[in-house]
Amino acid sequence: MTSILAEQTAKAGGQRAAAPSAKRRARSILNVVVNGREREDVVPDGMLLLDYLREVVGLTGTKQGCDGGECGACTVLVDDKPRLACSTLAVQMEGRRVETVEGLTHGGRMSALQQAFHEKLGTQCGFCTPGMITAAEALLRRNPDPSREEIKEAMGGNLCRCTGYVKIIESVETAAAARKVAP
Ligand code: FES
Ligand code: FES
477 MTSILAEQTA KAGGQRAAAP SAKRRARSIL NVVVNGRERE DVVPDGMLLL DYLREVVGLT
537 GTKQGCDGGE CGACTVLVDD KPRLACSTLA VQMEGRRVET VEGLTHGGRM SALQQAFHEK
597 LGTQCGFCTP GMITAAEALL RRNPDPSREE IKEAMGGNLC RCTGYVKIIE SVETAAAARK
657 VAP
């Protein structure tokens, strides 16, 4: 199944492997908007977006699963599109808008999508859930009324090791219906 994440993974894999150690010591000023807040941080040029979010910004909702571009647990939104934070350099986010699962809440309360995952049991151990929710959020922003096949396609890069995907898909369908009533 081809997804946006799969394409990014293929590109980012080579980029990461080629990063010379000297570059990892260089630093840059990063201006980025994270969950609606403007930030300016000095970051190592070789720092991954995943490490930046978890260790510099302190947002630990984004998870490290495989760390190899294969599981989708680290998915975040960059300018409304899903992106693997484990295969993206933080400095690539210059001038961009990054959203994590924490940023999808509304006034400190769960969004309709987060609520649907909770109520429909789309969450088991929960480790894959932040990536699932951000991938689903990207889908619902570009396609508010997806078919079951479109949901499967959009979530194809997100793996869950707990059980099957039925409850996860039902959670996204429930959220889509709820957002028609209260976006
Ligand atoms: S941790 Fe990024 S794809 Fe698995
Ligand atoms: S809920 Fe455990 S990996 Fe998905």
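This note's numbering numbers the first residue of the sequence shown as 477 and each following residue consecutively.
C-beta: ideal position from N, C-alpha, C; glycine also.
When the Cβ atoms of the segment 585 to 601 are set against those of the segment 521 to 534, are three or more pairs found closer than 8 Å?
no
Contacting residues, own chain, Cβ-Cβ under 8 Å from residue 641 (five flanking each side not counted):
628 and 631
Assign residue 620 to buried or exposed, taking buried as 16 or more other Cβ atoms, counted over all protein chains shown, within 10 Å of its Cβ.
exposed
Tell me residue 515's beta-bridge partners as DSSP assigns them.
508
Secondary structure of residue 531, DSSP reduced to three states
helix
Whole angstroms is fine: what's the gap from residue 541's alpha carbon to residue 564's?
15 Å
Per DSSP, residue 582 is paired with what?
585
Residue 552 - partner residues in DSSP beta bridges:
559
In three-state terms, what does DSSP make of residue 618?
helix
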